[in-house]
Amino acid sequence: MSAYGFAHLRSRRHHTDIIEYLERIQATLDPFAGRFLIHGPPTEVVEGTWPGSMVLIEFPGLAEARAWYDSPGYRDILRLRTDHIEGDVLLIEGVGPDYDPAERAGKLRGEAERAEQSALEALSPCPVDVQSG
2 MSAYGFAHLR
12 SRRHHTDIIE
22 YLERIQATLD
32 PFAGRFLIHG
42 PPTEVVEGTW
52 PGSMVLIEFP
62 GLAEARAWYD
72 SPGYRDILRL
82 RTDHIEGDVL
92 LIEGVGPDYD
102 PAERAGKLRG
112 EAERAEQSAL
122 EALSPCPVDV
132 QSG
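First residue of the sequence shown? That's 2 in our numbering, and the numbers climb one at a time after it.
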């Protein structure tokens with residue numbers, strides 16, 4: 002199942018290190034079959050605010066994404082970006098072609114109902130065993 006490297010880059014400064022990072026990053030992705038799907042602006046914000054830009058890199062799976070991020074080649078250029086751009090980076094697994102959000106909603110509904118029932122049971126007084134004589 003595909004996995005993704007997602008970056009929300011909040012501040013950008015055009016520094017020569019960033020140019021070098023961009024020149025070198027693809028060579029670090031190639032051994033792990035990583036490819037850019039989204040790389041920066043422009044964005045069209047339709048809800049809320051979005052300070053910064055977004056990068057989305059696709060990998061064949063989460064193992065490849067982790068291996069890329071931990072690879073000596075990427076580690077060698079990482080500071081070229083992190084020294085000049087603030088942001089967050091996530092590695093996340095995608096969903097398969099048969100993913101059904103309604104099925105997920107059903108599981109969440111069941112979990113919520115069980116949690117609510119447990120909370121009610123915790124609030125109710127303990128039953129008293131009264132024997133009639």
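Glycine included, every Cβ here is placed at the ideal spot set by N, Cα and C. Please read these numbers as outputs of a predicted model, since none were measured by experiment.
Element boundaries [beta strand (DSSP E), containing residue i]
i: tyrosine 5; result: 4-10
Residue i and residue j closer than 8 Å at C-beta
i: isoleucine 20; j: glycine 35; result: no
i: glutamate 94; j: leucine 63; result: yes
i: glycine 6; j: valine 90; result: yes
Reference residue i, options the options, closest by Cα
i: proline 70; options: Gln27, Ala106, Gly97; result: It should be noted that the sequence gives tyrosine, not proline, for residue 70. Ranking Gln27, Ala106, Gly97 by Cα distance to tyrosine 70 puts Gln27 first.
i: histidine 40; options: Ser119, Leu23, Trp51; result: Leu23
i: valine 80; options: Arg25, Met2, Ala4; result: For clarity, residue 80 is arginine in the given sequence; the question names valine instead. Cα-wise, what sits closest to arginine 80 is Arg25.
i: leucine 38; options: Phe60, Thr50, Val47; result: Phe60
i: proline 52; options: Glu87, Arg67, Leu92; result: Glu87
i: leucine 92; options: His16, Ala66, Gly49; result: Ala66
i: isoleucine 78; options: Ser3, Ala4, Thr17, Met2; result: Thr17
i: arginine 14; options: Glu45, Thr50, Asp99, Arg82; result: Arg82
i: methionine 2; options: Pro98, Glu112, Glu45, Leu124; result: Pro98
Tell me, please, whether the region 44-59 touches the region 5-14 by the rule of three or more beta-carbon pairs shorter than 8 Å. Here the region 44-59 lies against the region 5-14, with 3 or more beta-carbon pairs under 8 Å apart.
Examine the Cβ distances between the region 62-79 and the region 32-47 and report whether three or more of them are shorter than 8 Å. yes
Those runs of the alpha helix (DSSP H) which lie wholly inside the region 31-117 and span at least 4 residues: 63-71, 73-83
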